Amino acid sequence: MNRVWPILSAVGLLYLASFVHADEVTVNISLVNESGVGQSIGSVRISDGKYGLMLIPNLSGLPAGAHGFHLHEFAECGPKDQNGKMVPALAAGGHFDPAKSGKHEGPFADGHLGDIPALWVGADDKATTPLLAPRLKVADLKGHSLMIHAGADNYSDQPAPLGGGGARIACGVVK
């Protein structure tokens, strides 16, 4: 009997530990183009926090500056045909908008949930600054994709639709 308790205790601790990490996921991010998914540029570690979703990027190889960063509808990063032209990562669909708000207002407003704060890439081509998405949880991400756009996002549909972030340049599927 004395040998059974340590074994049962260890099994119980392993069982409880599996729940501690249930609210954390790491998403591998790769460059995308008209031909498909390219080389890996790193990952984003994501976890639930007291004030919302914490995203900690560890990325390199992107152009310096601000980039639109979004959660997209589908767990796909491949290209798709649009009007006879292959568009990088179009298989990911549009920005995640489960309430069908149709509004692009940023991560702190009432528009679609797919808006994440802008990703900042330093002059050294690295993105490591943590981000907070207050209206999302890890559970919301599963079965979708993270998308990085070529340019910044102004969180408005004016003067360009969806914030004017431009082409899709990197993507990762949330599993």
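Using the working numbering, the first residue of the sequence shown is number 14, and each one after it goes up by one. For each residue, glycine too, the CB sits at the ideal point set by N, CA and C. It should be emphasised that the depicted structure is a prediction, and the values quoted were computed from it without experimental measurement.
Check your understanding: In chain order, which continuous runs of the beta strand (DSSP E) of length 3 or greater are located wholly inside the segment 101-179?
Key -> 128-134, 144-146 and 158-162
Review point. Residues in its own chain within less than 6 Å of His125 by CB, not counting five upstream and five downstream?
Key: His108, Asp110 and Ser114
**Study point:** Lys93, enclosing beta strand (DSSP E) - first and last residue
**Key:** Lys93 to Gln95
Check your understanding: Between the C-alpha atoms of Lys150 and Met67, what's the straight-line distance to the nearest angstrom?
Key -> 9 Å
Practice item. Determine the DSSP secondary structure at Pro76, reduced to helix, strand or coil. Key: coil
Check your understanding: Mapping DSSP to helix, strand and coil, what is Val187?
Key -> coil
**Study point:** Three or more C-beta pairs below 8 Å linking the segment 142-156 and the segment 54-72
**Key:** yes
**Study point:** CA nearest to the CA of Glu86, picked from Asp36, Ala104 and Ile59
**Key:** Ala104
Check your understanding: For Pro70, does the count of other Cβ atoms within 10 angstroms reach 16, so buried, or fall short, so exposed?
Key -> buried
Check your understanding: On the three-state DSSP scale, how would you describe Lys63?
Key -> coil
Check your understanding: Between which two residues does the beta strand (DSSP E) containing Glu37 stretch?
Key -> Glu37 to Asn46
Point to revise | Identified DSSP bridge partners for Ile1 | key: Residue coverage of the chain in this structure runs from 14 to 188, which leaves residue 1 outside it and unanswerable.
**Study point:** Contacting residues, own chain, Cβ-Cβ under 7 Å from Gly106 (five flanking each side not counted)
**Key:** His85, Glu86 and Phe87
Exercise for review: Would you kindly work out how many angstroms separate the C-alpha atoms of Lys93 and Pro101, rounded to a whole number?
Suggested key: 7 Å
Review point. Taking the C-alpha atoms as reference points, what is the distance between Met160 and Ser43?
Key: 10 Å
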